[in-house]
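Chemist: Residue numbers (our numbering): 8 to 253. Using N, Cα and C, we set each Cβ at its ideal position, and we do this for glycine too. All values derive from a computational prediction rather than experimental measurement.
(1) Cα separation between residue 26 and residue 197?
(2) To the nearest angstrom, how far is it from the Cα of residue 154 to the Cα of residue 201?
(3) My output table needs one value for residue 126: the three-state DSSP class, helix, strand or coil.
(4) Could you give the first and the last residue of the continuous alpha helix (DSSP H) run that contains residue 24?
(5) Figure out for me which residue from 168, 17, 147 and 133 has the closest Cα to the Cα of residue 120.
(6) For residue 85, list the residues DSSP reports as bridge partners.
(7) What did DSSP end up calling residue 46 once you bin it into helix, strand or coil?
(8) Does residue 208 come out as helix, strand or coil in the three-state DSSP assignment?
(9) Quick check: what's the CA-CA separation for residue 29 versus residue 166?
(10) On the criterion of 16 or more Cβ atoms from any shown chain inside 10 Å, does residue 144 qualify as buried, or is it exposed?
(11) Between residue 21 and residue 46, which are expected to be in contact by the criterion C-beta below 8 Å, what is the C-beta distance as a whole number of angstroms?
(12) If you compare alpha carbons, which of 171, 210, 132 and 206 is closest to residue 191?
(13) Can you grab the Cα-Cα spacing for the pair residue 15 / residue 85, in whole Å?
(14) Using the three-state DSSP reduction, which class does residue 119 fall into: helix, strand or coil?
(15) Rounded to whole angstroms, what's the CA-CA distance from residue 71 to residue 77? Just pull it up for me.
(16) Give a yes or no on whether the C-beta atoms belonging to residue 209 and residue 188 are separated by under 8 Å.
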């Protein structure tokens, strides 16, 4: 399959996708700057990594069309930060200015998760914080399962995954899994998971890990499209237990 055909296939998949997760990444030392996009579909997720370089120029019209489809106003886009800071993250806004991404429908999962977590895991009966602020975070909180002790403090994606799913995002390559992590958290919020369902997931997950078997109730075809120097390459990624939802 030619490069043009690969991009055309991704455009077709993006058009039929209503929900997406988007996460930009930049590493000055390594000279890496790319946008990761997850197309969330009923039976699979498609991961697209779009690399950019100094002197950004898209010679393939299909890639420009792909970005336009991704940032269409009809899409619901999950992000892990407030929209304003997301748009200006490491020059992200200047790269995509022509697509006018300011008018997209962004859903800040970071804020939604904080509300969901506090409601799902309220303060313990013997916690002093509950006397003053009910489920809000505060300095009097002694609950070990609630790491935030200041109302204005925000959850990191790494801690959200750690405290909810007992899973760790490796700092060395966490950027490779940010979209899947955000989507996973968005799913439990959208489906209104309670503590009972979380515990059931953890139990099943633990059993499968001991057997060294990956839980694959949902099939994820992870396609990484690397756009390097205007060249598309596709690579099938292995679905790990971290990426699987029951």
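Modeler: With the given structure in hand:
(1) Counted from its first residue, the chain shown places residue 26 at position 19. Counted from its first residue, the chain shown places residue 197 at position 190. Distance between the alpha carbons of residue 26 and residue 197 is about 12 Å.
(2) One-based indexing of the chain shown puts residue 154 at position 147. One-based indexing of the chain shown puts residue 201 at position 194. The straight-line gap from Cα to Cα measures roughly 19 Å.
(3) Along the chain shown, read from residue 1 onward, the residue named residue 126 stands at position 119. Judged by DSSP in its simplified three-state form, residue 126 adopts helix.
(4) Taking the chain shown and counting its residues from 1, one reaches residue 24 at position 17. Taken as a continuous stretch (DSSP letters only), residue 24 belongs to no alpha helix (DSSP H), as it is neither H nor E.
(5) By one-based count along the chain shown, residue 120 stands at place 113. Out of 168, 17, 147 and 133, the CA that lies nearest to the CA of residue 120 is found in 168.
(6) As a first step, residue 85 must be located in the chain shown, where it is residue number 78. Partner(s): 28 and 114.
(7) Start at 1 with the first residue of the chain shown, and residue 46 comes out as number 39. Note: residue 46 maps to strand in three-state DSSP.
(8) In the chain shown, the residue the question calls residue 208 occupies position 201. It is helical.
(9) Locating residue 29 in the chain shown gives position 22, where the first residue counts as 1. Locating residue 166 in the chain shown gives position 159, where the first residue counts as 1. Roughly 19 Å separates the two Cα atoms.
(10) Reading the chain shown from its first residue, position 137 is the one you call residue 144. With a 10 Å radius around the Cβ and a threshold of 16 neighbouring Cβ atoms, residue 144 comes out buried.
(11) Position 14 of the chain shown, counted from the first residue, corresponds to residue 21. Position 39 of the chain shown, counted from the first residue, corresponds to residue 46. Sure, about 6 Å apart at Cβ, within 8 Å.
(12) Position 184 of the chain shown holds residue 191. Comparing Cα positions, the closest option is 171.
(13) Taking the first residue of the chain shown as 1, we reach residue 15 at position 8. Taking the first residue of the chain shown as 1, we reach residue 85 at position 78. Each residue's alpha carbon lies about 24 Å from the other.
(14) The residue labelled residue 119 in the question sits at position 112 within the chain shown. Shown here, residue 119 sits in a helix according to DSSP, grouped into three states.
(15) For the purposes of this step, residue 71 is taken as residue 64 along the chain shown, with counting starting at 1. For the purposes of this step, residue 77 is taken as residue 70 along the chain shown, with counting starting at 1. Computed Cα separation, rounded: 10 Å.
(16) Walking along the chain shown from the start, residue 209 turns up at place 202. Walking along the chain shown from the start, residue 188 turns up at place 181. Here residue 209 is not near residue 188, since their CB atoms are 8 Å or more apart.
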